[in-house]
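Residue numbers (my numbering): -17 to 327. In this text, a Cβ means the ideal position worked out from N, Cα and C, and glycines have one as well. The structure under discussion appears below in the form of structure tokens.
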Ligand code: PMP
């Protein structure tokens, strides 16, 4: 089997080593050079393949996972898809507790990938027995021979990105990176990449992206968990209503908050300007980059890497659906428009 010729032992060998693509038009009014790291090129179409594989293989090494075991997780969708895919390749069962905020496309994708899905209400406190955290814990307890991945409170989540995403970014920019812009959900991507990059060059600035309605930015700035910050929001996978231990706040320099509408608009603009078909949080990362630029964060010699976590195909019934956009009150003449469909009769 010769990887150099593009031949692999199985699908899982394709996890990581994602491409980085220069943004050529959308950033034309901002000083600096901008690159997007396209995590949609993982075989499960998101950055979550990295942590799912790392955590599963760690459990195998420890002898906790054996053929026929069950993988249990709390997931907004992407981690679940990665786990379900790995379970298929390796011969495990997979049970996933998902928030009802996750798009129908994502939930159907998990089921198509062979997982058993439990849809839980999003807008209940994290310690409510119906929350997807509590449901996953209960399934784990009730399923013999199971492991709970627990991505929000698992240091292997950070370790996966420290071992792969961080070194890839350092090598791909030939050590020239000055700023990294990353969405913060569990915090694994931002923390692991940041730890590695700051070890290479402590001057690299780590710019977090949080959602309006999440507690992370305020917690980072004040150390206070402020329940008043919590509001329902639509962006999936970004921001939190709890403080995950899989976030190392000490390596993050600053956060920006992004609104649901701005992130959706920006995702559509990425398509129009760059031809990349991005997930919702890619739009949030792009929007935050512009907000950081407005605050004078970047210079002509800045080399800025944006991590784009997943692919637009997971959001066909959301930000790429004009009816959904209208229902959210997001539809106005500023919205980057799709061309009309022409029906030939
Ligand atoms: N974007 C999407 C689409 C995600 O699914 C996630 C993971 N929840 C993130 C961003 C945030 O990544 P992390 O959990 O590593 O902070």
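Item	Value
Here's the rule: buried if 16 or more other CB atoms are within 10 angstroms of the residue's CB, otherwise exposed. What is residue 316?	exposed
Which residues mark the beginning and the end of the alpha helix (DSSP H) in which residue 63 is found?	60 to 72
Is any heavy atom of the ligand PMP found at a distance shorter than 7 Å from the C-beta of residue 309?	no
For the 8 Å Cβ check, are there 3 or more pairs between the segment 53 to 72 and the segment 246 to 260?	no
Among 305, 327 and 298, which has the Cα closest to the Cα of residue 88?	298
Going by DSSP in three states, residue 214 sits in which element: helix, strand or coil?	coil
With 8 Å set as the bound, which would you pick, yes or no: does the beta-carbon of residue 146 sit closer than that to a beta-carbon of chain E?	Although the question refers to chain E, the structure presented lacks it and comprises just one protein chain.
Taking 7 Å as the cut-off, is the beta-carbon of residue 60 closer than that to any non-hydrogen atom of the ligand PMP?	yes
For the ligand PMP, is there a heavy atom less than 7 Å away from the beta-carbon of residue 162?	no
For residue 34, which residues from the same chain have a beta carbon less than 7 Å from its beta carbon, with the 5 sequence-adjacent residues on both sides left out?	61, 64, 65 and 68
Is it buried or exposed for residue -11, if we count other Cβ within 10 angstroms and need 16 for buried?	exposed
I need the boundaries of the beta strand (DSSP E) containing residue 162, first residue and last residue.	161 to 165
Would the beta-carbon of residue 282 be found less than 7 Å away from any heavy atom of the ligand PMP?	no
Using only CA atoms, which one of 15, 21, 12 and 14 lies nearest to residue -4?	21
For the ligand PMP, any of its heavy atoms closer than 7 Å to the Cβ of residue 260?	no
What are the boundary residues of the alpha helix (DSSP H) that includes residue 114?	114 to 124
Pick out whichever of 108, 300, 175 and 311 has its Cα sitting closest to the Cα of residue 288.	175
Compute the minimum distance between the beta carbon of residue 29 and the heavy atoms of the ligand PMP, and state whether it is under 7 Å.	yes
Check whether the Cβ atoms of residue 125 and residue 77 sit closer than 8 Å, and answer yes or no.	yes
Please report how far the alpha carbon of residue 145 lies from the alpha carbon of residue 178, in whole angstroms.	8 Å
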